[in-house]
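>
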Amino acid sequence: PTGAPPAGAPPTGAPPAGAPPAGPNLDQRRAEMEKQEAEVKALLTEPQRKRFDELVLQLEGPSALGRPEVAKQVGLSEDQQAKIQAAQQSQMQAMRDLMQESRDGGGDREAMMVEMAKMREATNKAILDLLTEPQKRKWAEMQGKPFTFESTGR
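Structural data, given as structure tokens:
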């Protein structure tokens, strides 16, 4: 993918899908990740680059639809894009609130992680529910053959 690195794609080192931004150096980190991704892609053949992009989309999940270049490929309307952005922003704020509550109350980290996973699943479902059937088919096609990733710890 071009542009901003995919959220939640460990191959490029971006934060997990739907995770709050990494901090004040996010733009610097994003630029470094884009550079690293370009370096990796330069080593790949065209079929390998295509598969790399498919795997990034699989790993990233529906949150990838918030990226302009992915939204364009799927054919999302401006209204759909705005709704996806709103869902993602709402999820990020809810996660920030949950992390703050956990820090303030010395909460259970494992329980917090479970709750965050539920939030991601709900947001992913909400995003997919915004797609038309042709858009869902295009999204599935862009992801290529399903691949089972090892646990990412989320």
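Residues in the sequence shown are numbered from 6 upward in steps of one, following the numbering used here. Where is the CB? At the ideal position from N, CA and C, for every residue including glycine.
Looking at C-beta atoms only, is the number of pairs between the region 112 to 120 and the region 44 to 64 that lie closer than 8 Å three or more?
no
> Taking the alpha carbon of S156 as the reference point, which residue from L64, G110, T128, E37 has its own alpha carbon closest?
L64
> If we require 4 or more residues per run, which alpha helix (DSSP H) segments fall completely within the region 66 to 115?
73 to 79, 83 to 110
> Using only alpha-carbon positions, find the residue among G66, Q98, N30, L136 that is nearest to P151.
G66
> Between the region 101 to 111 and the region 127 to 139, do three or more beta carbon pairs fall short of 8 Å?
no
> Using 10 angstroms around the beta-carbon of D113, count the other beta-carbons present and answer buried if the total reaches 16, otherwise exposed.
exposed
> Using alpha carbons as the reference points, say which of T137, K143, N30 lies closest to D84.
For D84, the nearest C-alpha among the options comes from T137.
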